[in-house]
């Protein structure tokens, strides 16, 4: 069974075969070290698209690229998987752009999975090839430090909706941060380190956020462990999609 049911519903490959530009139906994207992205079994056309996507969405650019044990590796300037401050927002915007580019080329995300026992490892993303979908919009949600929630690339109408779901009494401060690249809510307490009742109430809030996003037509696309964290702790970043209307 597909973790992402959209592939089963919409891929509809012709005669059971993927498009002719790839001899593989499955491919993998891995986030490595603090500054590398590897593409495994993607065709050259996709590698070229991802290269341009990185250059358009990661302001520090690419330091070098090479083939690596059967994969194609991009080494970034900077450290997107260890990013702090503005770089943490920019790395998520870049990943959102990469996911969007792959989705629009018909590479449907099946799962983001942890298949490594290495300390401070990150997820591997597995894709399956199908027919390209209609134009689709993306945004992401990140959980930062112990008490911050950020909306990155979200449409403006979601900001008051999130305010209402969280509740003004639970918001200590809110503002645009990093040149208005993200809208940040600083919450009361430590919801991402919560124990006891706080561990339950924080998850209720997140379920209510999912309900809210769904009411606006947004579907969860991926949850990705993509950061080492400044203190070794990590939380997933959530990515959402909606067919452009």
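In my numbering, the protein residues as written are 107 to 351. Cβ atoms here follow ideal geometry from the backbone N, Cα and C, with glycine treated the same way. Small disclaimer: the values here were computed from a predicted structure and weren't measured.
{"Query": "Could you give the uninterrupted runs of the beta strand (DSSP E) lying entirely in the stretch 275-342, keeping only those of 3 residues or more?", "Result": "277-283, 288-293 and 325-330"}
{"Query": "Could you pull the start and end residues of the beta strand (DSSP E) that residue 242 belongs to?", "Result": "242-250"}
{"Query": "Determine the extent of the beta strand (DSSP E) in which residue 219 is found, giving its start and end residues.", "Result": "213-219"}
{"Query": "Residue 274: buried (16+ other C-beta within 10 angstroms of its C-beta) or exposed?", "Result": "exposed"}
{"Query": "Measuring alpha carbon to alpha carbon, tell me which residue in 228, 198, 162 and 204 is nearest residue 340.", "Result": "228"}
{"Query": "Rounding to the nearest angstrom, what Cα-Cα distance links residue 238 and residue 210 in this structure?", "Result": "5 Å"}
{"Query": "Just to confirm the assignment, what range does the alpha helix (DSSP H) spanning residue 159 have?", "Result": "150-163"}
{"Query": "So what does residue 344 bridge to, in DSSP terms?", "Result": "247 and 329"}
{"Query": "So residue 234 is in the alpha helix (DSSP H); what residue range does that whole segment cover?", "Result": "Not the alpha helix (DSSP H): residue 234 falls in the beta strand (DSSP E), residues 230-235."}
{"Query": "Could you give the distance in angstroms between the alpha-carbon of residue 217 and the alpha-carbon of residue 244?", "Result": "17 Å"}
{"Query": "Taking only three categories from DSSP, how would you classify residue 204?", "Result": "helix"}
{"Query": "Does the stretch 254-268 come into contact with the stretch 186-203, if we say contact requires no fewer than three beta-carbon pairs (one atom in each stretch) closer than 8 Å?", "Result": "yes"}
{"Query": "Any heavy atom of the ligand PLP inside 8 Å of the beta-carbon of residue 138?", "Result": "Judged by which ligands are present, the structure shown has none, so any question about the ligand PLP falls away."}
{"Query": "Starting from residue 271, follow its DSSP beta bridges and name the residues at the other end.", "Result": "Paired residues: none, contrary to the question."}
{"Query": "Considering residue 133, what are the terminal residues of the beta strand (DSSP E) in which it resides?", "Result": "132-138"}
{"Query": "For residue 349, which residues from the same chain have a beta carbon less than 6 Å from its beta carbon, with the 5 sequence-adjacent residues on both sides left out?", "Result": "240 and 242"}
{"Query": "From residue 194 to residue 130, what does the alpha carbon distance come to, in whole angstroms?", "Result": "33 Å"}
{"Query": "How many Å lie between residue 176 and residue 310 at the Cα?", "Result": "43 Å"}
{"Query": "Rounded to whole angstroms, what's the CA-CA distance from residue 172 to residue 180? Just pull it up for me.", "Result": "7 Å"}
{"Query": "Grab me the residues of residue 140's own chain with a C-beta within less than 6 Å of its C-beta, minus the 5 sequence neighbours each way, in chain order.", "Result": "185, 187 and 188"}
{"Query": "In this structure, what does DSSP give as the bridge partners for residue 264?", "Result": "Answer is none; residue 264 lacks a bridge partner."}
{"Query": "Around the C-beta of residue 250, are 16 or more other C-beta atoms found within 10 angstroms, so that it is buried, or is it exposed?", "Result": "buried"}
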